[in-house]
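Below is one structure, written out as C-alpha cells, with a few remarks after it.
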Amino acid sequence: MTEVNRKIHVIGINSYKFEDLSFKLQNLFLETENIAVPNSYFEEIKSWSNNSFEKKKLFFSSDSNNELFNWIRSQKTDVILISRGDPLWFGIGRILLENFSRDELSFYPSNTCTQLAFNKLKIPWQDTVNVSIHGRDATRLVEALKKKPSNLAIITDSSNKSLEIIKKNLSELNLVEFYDFWLCEEIGFDNENIRKLNLKESLPSDISSLNIVVLTKTKKNYTNNNLPLFGIDDHIFKTFNDRPNLFTKREVRVQILADLELPKNGVIWDIGSGCGSIGLEALKLRPYLDLFCIDKRIGSKALIVENSKRLGVKPKFIFEEDINNMLNSSNFSSFEKPNRLVIGGCDKKTKLKIIDKLAQDMSIGDIIVIPIIDFQIIKELKEELEEKNFKTNLNLIQTYKSLSIAEGMRLEPNNPVFLLKGKK
C-alpha cells in the first residue's frame, strides 16, 4: 500500500470569524492550500481569503459525501476540513475514520453546541444524555425519553420536521409537562438565540436551520386541581431518580383499579407499592377507604408522601418495610385486614405467603389482584387463590403507543402484564 504523506486537519469552529481561531490554527490555515467547507457556511469561510493570504487557497464546497472523500484522496498536499464544534461528537469525524487511516487524520475540536448551550442556560450538564436525530430516525430519542433523564440534548436535522417529531414524541409519551423545551439556535455565532417554547402552541415560523433542543426537567409544583377523575398521567407521580419507570403504568393501573371493584368504605393494602401509584389513585377515587402502602425500598415512603400531596389524598399507613417481616411480626394480628389487596413487586414465595396469611381473613366479595410479568408462576398463584375459595380469572394486558417518526407513525409496545384476579 502506498504511503500517504498528506495530512487531513479537521478543524471544529464555533464562529465564522478567522480571528476567533487560535494562533496555532490560524497559522495552519495560512500554510494549507486545500480547504473543504460545508455548503451551509461555505461563503463565510471563503471570505477569510480576503485577508490577503500569501498562499492561494483552493476551496471545496462539501456535502460530506463520497464526492468529498474522493476530492480529499485526490489531493497531494495537506487538507483542512472545516466542521462545527467537535468533529468526533455526532460529527463528520466518525465517517472520516471509516474512510481514512488514523495516521492521516488530526482533529482540532472546538466547544460542542451542547456544551455552549448548557453554559448559556447556566445548567450543569455532566449527567446530560445526548441523542442525535440528524439524518437518523427517532428510535434512540424514544428510548432516551422513556428513561426520563434530568437533561436531554438533541441534535436536530436542518428542517423543522425533526422539531415536530420531538414535540410529538413528548406528547405521545405524556412528557410535555415533565420537561422544559429549550430551542437553541446558532449557538456560538452572531445570530445566537435561545428561547423556551410552549409545546402546547405551534412552533415559531422563524427558526434557524442550525439548531439543537435541550430538555430540562421542569420544577413544576403539582396540584390536584386539574387531575382527571380516573387514569392519572404517569408523569404526575414522582419516582426513583435512578429507576424512573419503576411504577405501574397508566394503562395497566386503570385495569387494576377497575378489577378491584373499589367499595365506598373498607381497607385496601398496596403491597410492593413503589411510589404508591395504584393505592393513591384508588384513594382518590374512594376517599373513605383506609389505605396501607407497603414497600421495602429505601426512599419509598418519601415518594408516597410526595405523591399523596400531588393527588390530595392521605394513606392511613405507609410502611417502608419488607412485607415478610410484617407478616412474621408479633403485632401483625393488630393490623386491619384488607377488603382489597394488590400484590406486586415481590417473588413467588412471598406472594404465596401473603395469600396464605391474608386471604383466610378476607370476607365474601373481597378481591385480590396480582400483576404478574413472569407467566411461569401463574399456575401456583391461581391454585393457591382457589384453595382459599377465591374465584379467579386471568387477563393479559398488552398495549401499544403510537409514536411519530420521520415517515409517519409506528406502534411501540408496552411490556405485557398478566392480571390475576381473585374474588372471594
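Counting in the numbering used here, the sequence shown runs from 6 upward without gaps. From the three backbone atoms N, C-alpha and C, an ideal C-beta is built for every residue, glycine too. Values in this document were obtained by computation on a predicted structure and should not be read as measured data.
Considering LEU110, what are the terminal residues of the beta strand (DSSP E) in which it resides?
110–113
Residue environment, ASP91, which counts as buried when at least 16 other CB atoms sit within 10 Å:
buried
Measure the Cβ-Cβ separation of GLU182 and THR223 and say whether it is below 9 Å.
GLU182 is a Cβ neighbour of THR223, given a cutoff of 9 Å.
I need the straight-line Cα distance from LEU232 to PHE242, nearest angstrom please.
Straight-line spacing of the CA atoms in LEU232 and PHE242 works out to 12 Å.
Using 9 Å as the threshold, is the C-beta distance between GLY281 and ASN312 below it?
Yes, they are a contact pair.
Run the CB neighbour count on THR82, radius 10 Å, all protein chains shown included, and call it buried at 16 or more, exposed below.
exposed
Within 10 angstroms of its Cβ, does TYR184 collect 16 or more other Cβ (buried), or is it exposed?
buried
Alpha carbon to alpha carbon, how far is LEU386 from LEU425? Give it in angstroms, no decimals.
8 Å
For ASN398, which beta-bridge partners are listed by DSSP?
LYS426
Could you tell me how far apart the beta carbons of ASP295 and VAL259 are, in whole angstroms, since I believe they sit closer than 8 Å?
Actually they are not in contact, since the Cβ atoms of ASP295 and VAL259 sit about 22 Å apart, beyond 8 Å.
Buried or exposed by the 16-neighbour rule on C-beta atoms within 10 Å, applied to LEU433
Residue 433 is absent from the model: the chain starts at 6 and stops at 429.
Do LEU316 and LEU288 come within 9 Å of each other at the CB atom, strictly closer than that value?
Yes.
What is the DSSP secondary structure of VAL218, counted as helix, strand or coil?
strand
Between the region 109–121 and the region 39–47, are three or more C-beta pairs nearer than 8 Å?
no
In the DSSP output, what is ASP83 paired with across the bridge?
Paired residues: none, contrary to the question.
Return the residue from the list LEU265, ARG248, LEU267, HIS240 that minimises the CA-CA distance to ARG255.
HIS240
Taking the alpha carbon of SER176 as the reference point, which residue from ASN398, PRO421, SER407, ASN39 has its own alpha carbon closest?
SER407
Going by DSSP, which residues form a beta bridge with LYS201?
TRP187
Which residue marks the beginning of the beta strand (DSSP E) containing MET414, and which one marks its end?
Taken as a continuous stretch (DSSP letters only), the beta strand (DSSP E) holding MET414 covers 413–418.
Where does PHE74 sit, in a helix, a strand or coil, going by DSSP?
helix
Any idea what DSSP makes of ASN312, helix, strand or coil?
In the three-state reduction of the DSSP assignment, ASN312 falls in the helix class, which pools H, G and I.
Member of PHE235, ILE359, ASP352, PRO343 whose CA lies at the smallest distance from the CA of ASP371:
PRO343
Across the region 387–405 and the region 332–350, are there enough close Cβ pairs to call them in contact, namely three or more that are closer than 8 Å?
no
Taking the beta carbon of MET6 as the centre, do at least 16 other beta carbons fall within 10 Å, making it buried, or is it exposed?
Model confidence at MET6 stands at a pLDDT of 42, short of 50, so the residue's coordinates are unreliable and nothing is read from them.
Identify the continuous alpha helix (DSSP H) that holds CYS298 and give its terminal residues.
From DSSP, CYS298 is part of no alpha helix (DSSP H) but of the beta strand (DSSP E) over 294–300.
Would you check if the region 11–25 and the region 59–69 touch, i.e. whether three or more CB-CB distances between them fall below 8 Å?
Result no; under three Cβ-Cβ pairs closer than 8 Å.
Closer than 8 Å: LYS62 CB and nearest the ligand GTP heavy atom
The ligand GTP is not part of this structure, which contains no ligands at all.
Tell me whether PRO418 is buried or exposed, calling it buried when 16 or more other Cβ atoms sit within 10 Å of its Cβ.
exposed
Would the region 152–162 and the region 134–144 be scored as touching if the rule is three or more Cβ pairs under 8 Å?
Judged by Cβ distances under 8 Å, the region 152–162 makes contact with the region 134–144, as three or more pairs qualify.
Can you round the beta-carbon distance between ILE192 and ILE217 to whole angstroms, since I take them to be within the 8 Å contact cut?
7 Å
Check the C-beta distance from ILE360 over to LYS393 and give it rounded, since I have them as a contact under 8 Å.
7 Å
So what does ASN135 bridge to, in DSSP terms?
ALA158
Looking at the unbroken beta strand (DSSP E) that takes in ASP275, where does it start and where does it end?
271–276
Identify the continuous alpha helix (DSSP H) that holds VAL147 and give its terminal residues.
From DSSP, the alpha helix (DSSP H) with VAL147 extends over 144–151.
CA-CA distance, LYS396 and LEU220?
49 Å
When DSSP labels each residue in this structure, what does TYR405 get in the three-state scheme?
TYR405 falls in the strand class under three-state DSSP.
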